[in-house]
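Quick note: the sequence shown uses my numbering, first residue 5, plus one each step.
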Amino acid sequence: MSGATVVMSRGAARGGGLRLDPVLIGMVMSILLLGLVMVTSASISIASHDGADPFIFLKSQFVLALGGMLLAALLCAVPTELYQKYANILLIIAAVLLIAVFIPGIGHESHGARRWLLLAGFKLQASEVARVLVLCWIASYAVRREQELRETFSGLLKPLGITGVFCALLLLEPDFGAATVLFVTAFGLLFLAGARLRWVLVCVVLAAAAFGLLLVSAPYRLLRLTSFMDPWAHAYDSGFQLTQSLIAIGRGGWFGVGIGDSVLKLSYLPEAHTDFLFAVLAEELGLAGVLVTLGLFLALVWRVLYIAKLASAAGLKFQSYLVGAFAIWVGVQALINIGVNMGRLPTKGLTLPFMSYGRSSLLVTLAWLGMVLRIYHEVTVRSRGSASVSRRETAGAGA
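Shown next as structure tokens:
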């Protein structure tokens, strides 16, 4: 972005304030509110069973949503050109975060995985932040090395190699789900940036083979795979969670059993308020609720891609790629979560964006939304500024 454009943008911002997208905000608020209702319904029995406040998860999720909105507001005030300028530093920070989880006293282990950092009593899942920072770097690379990316195979391999290193760190935690989402999102972003389809397909085949080897290399991953393919054969051990999810979805019928009337959430379905919230939603709201939820996510992804298109038309390539990465990430993670709940994909520890109970996931997703809203503002400012300049030039030519 040129100096004149920056001055113009800042001047417009001072004159009219931030210009936010009400359609995008409305979609996200709808998903958030639906998520709050479902988290409350799915978690009451869990909290009551432990003798705690039955609304403790609702209160926590509400506070997290407010915290995420605050982060979104803060990031909405940060010019996105700074992310592009300091992309290499952001990549280093991402590496430090993923390495820090293995340092005793800093990293926190739970259920055999080291994915969290202890920060002032708060457990931050490092992979959530690191994924955003890595994708910022990839978007910057796509702008800086645009010709190399579009014309050479090595131009595609370089960012994928960096992404592979970060995926390896995620697999060491282990966090196979986060690694999968990061790699798929990076692929999608590089394809949007202009990488040739035949080279992307070659890399997809190689990546699929590599992930296949990873699946069968660890006993617990292989067990998940076999359970996913025939969960009813393992209904009382490795396939228990999936079979309970399928029963919940089947009970929902057309219009569900009603809010709060789910049976499977009563200690039958593990992680009902986190990874398997969609199953409870399907049981209580039925096919109608499922279709509304899918419609909201599809509309959200479409709207974000529309903003990416506007940014591209305004000449903001980095911003366009960053918004496109957000759309791919939300779409892919929602698709995987729903696919897992319906038994179409192997079980992974991934939340449903904006809906599932998850501290780091909700905070980071809302924070990234703030970046998207900032880009919408910058696109609007540039478009109006360009239109104003065009009108003055036309008036001058007429005079």
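By construction, the Cβ of each residue, glycine as well, lies at the ideal position given by its N, Cα and C atoms.
Through-space distance from residue j to residue i, alpha-carbon basis
i    : j    : result
L273 : I60  : 19 Å
M12  : L79  : Because M12 carries a pLDDT of 37, less than 50, the predicted location of this residue cannot be relied on, and no value is offered for it.
L194 : P58  : 45 Å
E85  : R202 : 32 Å
L377 : A338 : 20 Å
L123 : G111 : 9 Å
L217 : P178 : 15 Å
A190 : E132 : 15 Å
L62  : S271 : 18 Å
G21  : T384 : 12 Å
L75  : V368 : 8 Å
M375 : V82  : 8 Å
S387 : G262 : 47 Å
R255 : L210 : 40 Å
S34  : L160 : 38 Å
Reference residue i; option with closest CA among the options
i    : options                   : result
L95  : V169, S266, D241 and I379 : V169
L153 : L196, T184, G111 and C140 : L196
L68  : L370, F330 and A214       : L370
A213 : G198, T184, L320 and F106 : T184
L302 : W333, A81, V206 and T278  : W333
V267 : I342, S316 and S49        : S49
I253 : N345, L304 and V305       : N345
G319 : F187, Y380 and A276       : Y380
G362 : S271, M233, I263 and A276 : A276
V336 : G243, P357 and T44        : P357
Q88  : C140, L285, K63 and R348  : C140
A239 : K162, G347 and G290       : G347
T351 : K321, T278, G290 and G328 : T278
L176 : F106, F126, S365 and L137 : F106
Whole-angstrom C-beta distance between residue j and residue i, which should lie under 8 Å
i    : j    : result
G353 : G165 : With 8 Å as the limit, G353 and G165 do not qualify as a contact, their Cβ atoms being about 26 Å apart.
A91  : K269 : That pair is no contact at about 43 Å.
R200 : L28  : Their Cβ separation, rounded to whole angstroms, is 31 Å, which puts R200 and L28 out of contact at 8 Å.
M3   : L281 : There is simply no residue 3 to check, as the chain begins at 5 and stops at 403 in what is shown.
L373 : V32  : 6 Å
Quick one: which unbroken alpha helix (DSSP H) runs of 4-plus residues sit fully inside the stretch 231-258? Chain order, please. 244-256
Counting beta carbon pairs with one atom in the stretch 234-253 and one in the stretch 312-321, are three or more of them shorter than 8 Å? no
Enumerate, from N- to C-terminal direction, the unbroken alpha helix (DSSP H) stretches of 4 or more residues contained entirely within the stretch 128-168. 130-148 and 150-155
Scan the stretch 30-106 and note each continuous alpha helix (DSSP H) run of 4 residues or more that stays entirely inside, going in chain order. 60-80, 85-89 and 91-104
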